[in-house]
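Here's the structure, in C-alpha cells; my notes come after.
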Amino acid sequence: MTAVPVRAVAEPAGGGAPGVTARREFWARFRRNRNAALGAALVAAVVVAAVVGPWLSPAGYEDTDLRAVWAAPSPAHLLGGDALGRDILARLVVGARVSLLVAGSVLALTLTVGTAAGMAAGYFGGGLDAALMRLCDIVFAFPDLILAIVVAAMLGPGTRTVIVALAIVWWPGIARLTRSLTLSLRAELFVDAAIVSGTRPATILLRHVLPNVVPALIVRASIGVGFIVMAEATLSFLGIGVQEPLPTWGGMIRDGLVALRTEPYLALSASAALAVTIVGFNLLGDGLRDLLDPRVRAR
Amino acid sequence: MTGYAVRRLLGLVPVLATAVVLTFVANQFVPGDPIMTLLSDRSGDAALEARLRAEYGLDRPLWRQFASYVGGILRGDFGLSFRFASTPVIDVIAPGLLVTPVLAVGALALAVPAGVALGTCAALRRNRAADTLVVVGLVVGTSVPSFALAAFLVYVLGIRLGVLPVAGWGSLAQTVLPVTLLAVSPVAYIARLSRTYMLEVLQQDYIRTARAKGLRPRLVVYRHALRNTLVPLLTTIGIVFGGLLSGTFVIETLFNIPGLGRMAIQAIFARDYPVTMAIVLLFTFFYAATNLAVDLLYGVIDPRIRLGRRGAA
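As you go down the protein sequences, you meet chains A and B in turn. For the first sequence, counting from 1, position 24 maps to 61 in the numbering used here; every step adds exactly one. For the second sequence, counting from 1, position 19 maps to 36 in the numbering used here; every step adds exactly one.
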C-alpha cells in the first residue's frame, strides 16, 4: 500500500473546518447509500428494543406463568409463552441486550488487544513482530468455531467463556490489519519528523499512528459485529454459550426447535430477531466500507 | 515446485504441534476426576480404581502422559474414552467417520456449482432484477445462521407441507434438509466472490478481443471468462471447507445426525473430553490438509505462485 490512501482514510477523522466538510459529505453519501441506511435502521431498531424493551415489558424474563406454558400469542403475551410459561417477547428483548453486550465486549477486547499488538508489531518489527504474527498464524490455522469450542470446554460454558473464546478467535484479524497500516504509516514523513524531534515511541503510536488507523478499524469492526453476534448465537445454540436463566436467541431457537411442530412461535420469533440483527449489522458494515474505504469508493 | 511444496509442508508442523499441545492441555481441564466419574457407584473399589488409573496412564507424571499422547496420535491412537470405560476414543468416534464426510462432501458438491452458477448469472445481468435478487439472497445467506434458517425451512417443508423428514439419518430424504442448510452459507460466499471475479474478468482486454472477433456471447463466457474466475475461486475452497466443518456441529445437533460434530458437543457435556479433542484434532488436520492441497494445486495452475512471487497474484 502506498502513502496516499492512508491519508485519504484519515480525512473523515480530521478536526477543524476541513473535517466539517468531510463529515457533511460523509452524511450526504450515507443517505444515498440505501443499503447502509437500511442496515442502520435495522440496527437502531434492535438497539432501541434492547435498551427500552426490558423496561417497557410488563412480564420479567424469568417470570413463569403456568397458564402461559406454550401459550399462543395473546394480548397478555404478545408472542406467546415458552415451555416454562415465560413471556417470549420479554425474553427476546433481554436476549437482544445479552447479544449486543457480548458483541460489544468482544469488540472492545479484540480492538484493544489487536490494535496494541498490531501497532507494536508494525512499528518495532523484528522478533516481536515475528512472534506476534506466528501467534496469529496459529489462530488462523483453526476453523474459528472449533477453537471457540475448545476454549468453551476448558473454561466451562458461560457468558465470560463466550466473550473470551470469541476474542481469542478475532484479535488476530485486527492485529494483522493494524500491523499492515502501521507499516505504511511508519514510512511517512510525519512519523520520521516525530522520531527526530525526540518523541517517545508510545506517544508516536498513540498520537500519530492510532488516529490514522481508526477509520479502517471502524469499518472492520462494523463488519465484524454481525459475525460476532452469529458466533455467540451458535455457541449458545450448541449449549456451550450463555447459560440459563439469561435468555439468548441461540438458546431460544434450540428450545423452540424441539417444539416446532406444535409451538412454532418461540423458534420462529427468535430466528427472525437473530436474522434481522445480523442482516442489519452486515448491511451497515458493507455500507460503511463503501463509504470509508477509498479503494472501494474509487470504483 | 518441489521446494515450494516442502516449505509449505514444513509450515504445517508448528500448526499441528500447537493443535496437539492445545488439545492435551484442554483434556486436563475436564471437570472432576474422570476416573471417579467412571467408577460412579463403585468408587470405593480401590483395586479397580488403581487398575483404571494405570490403564488410562493417569498415574504417571504429566510429561510422560504427554509423550504417550503424542506417540499415540502419530499411530492414530487418540487414547481412551472417559465415558465408556476402557474403550478407545477411535472406536467411539468411528461411526461418525462415515457420516460427517458424507454431509460435508455433499454440501460442497452442492455449493460449488450452485454458487458459481448464481454468481455468474448475477454478473452477466448486472444491476438488473435477477442480479438484485441474487445479491439480496447473498446478504441473507451469509448473514442468517443455519439454525435460524432451519427453523423456517423445517417448519414449512417438514411440518406444514410434510414433504421432508425433520430429523434423523439413514435415508436419502433425510439428507436433503441438512445438506441444503449446510450448503447455504458456502453457496452465498462462493456466489458473492464469483460475481465479483466475473465482473472483473469481463472488463479484461481478451474478453473484448473475443467479442470483437465475433465469438458467440455464450462461448465468450464459458471458454474465456468462466475459466479465469475459477482460478481465484479455488483458493477459497479451504475457507469454505473450514466453514463446512464448523457447520456440521450445528447441523448434526439440529437434525440428530450421529456424526462427529454432534459427538464432539455431546462429549463436552458427558465430560468425555478425549472424544471432543480427538474430533477437534481430526478437523484441524483435515482443514490444514485441505488448505495445503489447495495451495499446491494453485501453484500447479498459476505459475506465478510457484516462482515465489506471491505479490504478483
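Positions of the beta carbon are idealized from the N, C-alpha and C atoms, including for glycine. Here the structure is a predicted model, which is why all the values come from computation and not from measurement.
The beta carbon of B/Thr270 sits closer than 8 Å to some beta carbon of chain A. When the beta-carbon positions are compared, B/Phe258 and B/Tyr304 come within less than 8 Å of each other.
Residue contact with chain A for B/Gly259: present (Cβ-Cβ distance below 8 Å to some residue of chain A).
Membership of B/Val157 in the alpha helix (DSSP H) is indicated by the continuous run Ala146 to Ser160.
Of all residues in the stretch 171-183 of chain A, only Arg171, Asp174, Ile175, Ala178, Phe179, Pro180, Asp181, Leu182 and Ile183 place a beta-carbon less than 8 Å from a beta-carbon of chain B. The three-state reading of DSSP puts B/Pro105 in strand, counting E and B together.
Taking 8 Å as the upper bound on Cβ-Cβ separation, chain A lies near residues Val156, Val157, Thr159, Ser160, Val161, Pro162, Phe164, Ala165, Leu166 and Ala167 of the stretch 148-167 of chain B. Non-local beta-carbon contacts of B/Gln220 in its own chain, meaning distances under 6 Å to residues more than five positions away in sequence, are absent. The beta-carbon distance between A/Leu192 and A/Val206, rounded to whole angstroms, is 14 Å. This is too long to meet the 8 Å contact definition. From the beta-carbon of A/Ile211, no residue of chain B is found nearer than 7 Å; the closest lies around 18 Å away.
Between B/Arg235 and B/Gly136, the C-beta spacing is not below 8 Å. Taking C-beta separations shorter than 7 Å and ignoring five residues to either side along the sequence, the partners of A/Val131 in its chain run Pro91, Tyr98 and Pro284, following chain order.
Inter-residue distance for B/Leu33 and A/Leu203 is about 21 Å (C-alpha atoms, whole angstroms). Chain-ordered, the chain A residues with CB closer than 8 Å to the CB of B/Thr301 read Ala178, Phe179, Pro180 and Ile183. Judged by DSSP secondary structure, A/Ser111 falls outside any alpha helix (DSSP H); it is assigned neither H nor E. Among the residues facing chain B, A/Arg298 is included, as its CB has a counterpart in that chain under 8 Å away. Taken in chain order, the complete alpha helix (DSSP H) segments of 4 residues or longer contained in the stretch 61-138 of chain A are 71-93. Taking the CA atoms as reference points, A/Val316 sits about 39 Å from B/Val30. Under the three-state reduction of DSSP, B/Leu75 is assigned to coil, being neither helix nor strand.
For B/Thr307, same chain residues with a beta-carbon under 6 Å away, outside a window of 5 residues either side, are Gly255 and Phe258 in chain order.
Contact of A/Thr271 with chain B by beta-carbon distance below 7 Å involves Pro162 and Val267.
Under the 10 Å beta carbon count, B/Glu72 is surrounded by fewer than 16 other beta carbons and is classified as exposed.
The DSSP-derived three-state label of B/Leu219 is coil. For B/Leu56, the closest alpha carbon among the candidates B/Ala43, B/Gln45, B/Phe286 and B/Arg100 is that of B/Arg100. Classified as buried, A/Tyr160 has 16 or more neighbouring CB atoms from the shown chains inside 10 Å of its CB. With the rule of 3 Cβ pairs closer than 8 Å, the stretch 63-73 of chain A counts as touching the stretch 316-325 of chain A.
For A/Thr215, the enclosing alpha helix (DSSP H) begins and ends at Thr196 to Arg223. Listed along chain A, the residues sitting closer than 7 Å to B/Tyr304 by beta-carbon distance are Pro180.
For the pair of segments examined, the stretch 299-318 of chain A was found to touch the stretch 132-141 of chain A: the number of CB pairs separated by less than 8 Å reaches three. Using a Cβ distance threshold of 8 Å, B/Thr40 and B/Met294 count as a contacting pair.
The C-beta separation of A/Arg128 from A/Thr101 comes to about 11 Å, leaving the pair out of contact by the 8 Å criterion. Within 7 Å of the CB of A/Ala304, the CB atoms of chain B belong to Ala168, in sequence order along the chain.
Proximity of A/Gly193 to chain B, defined by a Cβ-Cβ separation below 8 Å, is satisfied. Proximity of the stretch 234-243 of chain A to the stretch 175-192 of chain A falls short of the contact definition, fewer than three beta-carbon pairs being nearer than 8 Å. Residue environment analysis places B/Trp80 among the exposed positions, since fewer than 16 neighbouring C-beta atoms fall within 10 angstroms of its C-beta.
Contacts between B/Ile285 and chain A, judged by CB atoms closer than 8 Å, involve Ile186, Ala189, Ala190 and Ile277 in chain order.
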